[in-house]
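Under my numbering, residue 723 is the last one in the sequence shown; the count climbs by one each step, no gaps.
Even for Gly, the Cβ is constructed at its ideal location relative to N, Cα and C.
Notes follow the structure.
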Amino acid sequence: MCGRGKDRYGIDLERIVINRQGGHVAPDTVSLRYFLVLAQELNFTRAAARIGIAQPALSARMRRLEAELGTALLVRNTRSVVLTTAGAALAESAPPALAALDRAWDTARSAAAGELGTLRIGYSLSIGAETAPALVDRLIHGNSGLEVGAVPMATPEISPAVADGRIDAGITRGEQPGRGVRRFLLRRMRVGVQLAQHHPLAEHPEIEIADAAAYPLRLPDRAANPVIHDQLSALFRDTRPHPRFHTPAVSFDMSQRDLHDGVTIAPAGEAAVTAAPAGLTWRPLRGAPSLTIHLVLPREQSPLHRRIRAVAKTLAHELHWLPD
């Protein structure tokens, strides 16, 4: 329970109201910090030099501080300065109070800079092996006050979840539709195919689109990611005979079991190089347009959202995710 005259935070309400009939208010913190230097030096000349102000200005500050507190803090003579009982008590109690106030200012500044809080990022499994972890690691590096959680989600759910605030940001392949969000290009990747190391096409450093079309092509389920499904299938629109497309029974299989038959191949972005299971490899498709990965943020952005955007932009530059 709060004490008499205090609010639910324990703040003395009487101290935040100026009493025109002679009540006291807390002194400004600058004068209090000056007093602490003087309490250490016990000499106006040395204290003023250490602070970097003129001695008369320091004397005026101390007189005003004593007037605000309604008591003498110092006993002055021509050669020395001595603390009164009140001055000694203030010199002992003020430093922890000022340190707590400094921490409060730092906390407010960190929050305003987007360096404090809880951040939820949704990402599609197809890009979770590289892009999402890299961004999460960079966001939490050096920001001990920022808690980041990454949640795998179905791609069509990410933009709506960002728009309604269920998550703070999203990472998606392709320019997914969605209202109430803004999309920022985060990465461009070459398009190629993932295939077994013993596949006949694996011996080529680069594969022609027509050659790839001669084999069964596994595409992501259109319901799971219509943008990427349509973009990948469009690569083979002009090939003859028309390629044999199929979608896996499991929407996302980390082991890529169907590719181990040495026949089936899967169009995929270059990130598949780092995420390839044992026995599989990746080769680029000659002349194929790049795939894109986008950062999704709400249209109305907080300092935390602006922090995400700034970190993502720096990361993309450093890792050459957006080549010229």
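Boundaries (first-last residue) of the beta strand (DSSP E) holding residue i
i, result
"ALA553", "Run containing ALA553: none; DSSP gives neither H nor E here."
"GLN473", "According to the sequence provided, residue 473 is Leu. The question's Gln does not apply to it. Residues 473–475."
"ILE570", "568–572"
"ARG445", "Where ARG445 is concerned, there is no enclosing beta strand (DSSP E), although the alpha helix (DSSP H) it sits in stretches over 443–450."
"GLN593", "590–595"
"LEU482", "480–482"
Expected contact under 8 angstroms - CB spacing of residue i and residue j to nearest Å
i, j, result
"GLN596", "LEU690", "23 angstroms between Cβ atoms; not a contact."
"THR388", "VAL695", "Not covered by the structure: residue 388. The range shown for the chain is 400 to 723."
"VAL480", "PHE443", "7 angstroms"
"THR646", "PRO619", "7 angstroms"
"GLN655", "PRO625", "Rounded, the Cβ-Cβ distance is 22 angstroms, inconsistent with contact."
"VAL561", "ALA568", "6 angstroms"
"LEU600", "ALA609", "Actually they are not in contact, since the Cβ atoms of LEU600 and ALA609 sit about 12 angstroms apart, beyond 8 angstroms."
Residue span of the alpha helix (DSSP H) that contains residue i, given as start and end
i, result
"ARG462", "454–468"
"THR530", "530–539"
"THR428", "428–440"
CA-to-CA distance, residue j to residue i, given in whole angstroms
i, j, result
"VAL550", "ARG519", "7 angstroms"
"ARG582", "HIS693", "6 angstroms"
"GLY579", "SER558", "8 angstroms"
"LEU594", "PRO615", "11 angstroms"
"HIS704", "ARG698", "10 angstroms"
"HIS716", "MET588", "14 angstroms"
"ALA438", "TRP504", "25 angstroms"
"VAL535", "LEU524", "15 angstroms"
DSSP state of residue i mapped onto helix, strand, coil
i, result
"GLU699", "coil"
"GLU602", "helix"
"GLU491", "helix"
"PHE635", "coil"
"GLU607", "coil"
"VAL416", "At VAL416 the pLDDT is 40, less than 50, meaning the model places this residue with poor confidence and gives no usable figure here."
"GLY486", "helix"
"GLY422", "No answer about GLY422 holds up, because its pLDDT of 48 lies below 50 and its placement is not dependable."
"THR517", "strand"
"HIS719", "coil"
"GLY704", "Residue 704 is actually His in this sequence, not Gly. Helix."
"HIS395", "Residue 395 cannot be examined here, being either before or after the span of the chain that is shown, 400 to 723."
Just to confirm the assignment: which complete beta strand (DSSP E) runs, minimum length 3, are found wholly within the stretch 651–696? For the stretch 651–696, whole beta strand (DSSP E) runs of length 3 or above, ordered along the chain, are 665–668 and 679–683.
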